[in-house]
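*Asks:* Residue numbering for the sequence shown follows the working numbering, starting at 11 and increasing by one per position.
Where is the CB? At the ideal position from N, CA and C, for every residue including glycine.
Computed from a prediction, not measured in an experiment: that's the story for all the values here.
Before I ask anything, let me first share the structure, which is written out below as structure tokens.
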Amino acid sequence: MVTRFAPHGEFTIRIEGRILISDVVGPWNRELVINWGKQALKHAKPLGASGPYVGMSIVHGSLLCPPDAFAALRVSLTYGNTHLGCIGNVLVADAKVEGRSLLLPMYEQLYDDSTPHFICLDIDSARDWALARLAEKGY
């Protein structure tokens, strides 16, 4: 028997140039990740069709989520990297985000080894990294 839960957490998605930005408030669950993936796909398909892009996630509140949410997130990230033109992923979680020091090693494992990624404390560092990745590809 499969138990379904309501999505926990919140997200918004926006595009700035060639950066697909997700603001996420955690903790979240698998259902939220699935909803996020569907919404992100609506933005990533046309963005990726016109050239490479970088995915940026800005986490507020907490990085906590159950293992099935990590698994769903990895599927979404891998799909973006292999099918939609995502050339890098950056995660922003400042020092106040709950679970940051405990969970960073798990987040490092989310990313496909062949796709560049960066985890940082602030949006300016994240944006600089994303723009440098895009510049390497001529964007």
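1. I believe P62 touches L141 by the beta-carbon criterion, under 8 Å. Please report the beta-carbon distance rounded to the nearest angstrom.
2. Could you tell me which residues DSSP puts in a beta bridge with L101?
3. Out of L113, A81, I129 and P115, state which residue places its alpha-carbon closest to the alpha-carbon of V102.
4. Taking the C-alpha atoms as reference points, what is the distance between D104 and V34?
5. Contact check, A79 vs R40 under 8 Å by CB: the rounded distance?
6. Per DSSP, what kind of secondary structure is L94 in: helix, strand or coil?
7. When DSSP labels each residue in this structure, what does V107 get in the three-state scheme?
8. One question on the structure: do P37 and S86 come within less than 8 Å of each other, judged by their Cβ atoms?
9. Look at the alpha carbon of I23 and the alpha carbon of L83, and state the distance between them as a whole number of angstroms.
10. Which term fits G148, buried or exposed, when burial requires 16 or more other beta carbons within 10 angstroms of its beta carbon?
11. Would A54 and G90 be called neighbours here (beta carbons separated by less than 8 Å)?
12. Check the DSSP bridge columns for R40 and list the partner residues they point to.
13. Please report the distance separating the alpha-carbon of E20 from that of E146.
14. Report the rounded CA-to-CA distance for I29 versus P56, giving the unit in angstroms.
*Replies:* Taking the geometry as given:
1. Cβ-Cβ separation between P62 and L141: approximately 12 Å, too far for a contact (criterion under 8 Å).
2. Paired residues: S67 and I129.
3. Out of L113, A81, I129 and P115, I129 has the C-alpha closest to the C-alpha of V102.
4. C-alpha separation (whole angstroms): 13 Å.
5. Between R40 and A79 the Cβ distance is about 5 Å, and since that is below 8 Å, they are a contact.
6. Coil at L94, not helix or strand.
7. V107 falls in the coil class under three-state DSSP.
8. Cβ atoms of P37 and S86: not closer than 8 Å.
9. Taking the Cα positions, I23 is about 15 Å away from L83.
10. Around the C-beta of G148, fewer than 16 other C-beta atoms lie within 10 Å, and the residue is accordingly described as exposed.
11. Yes.
12. Answer by DSSP bridge pairing: none, since R40 is not bridged.
13. Near 33 Å, if we compare the C-alpha coordinates of E146 and E20.
14. Their Cα atoms are separated by approximately 12 Å.
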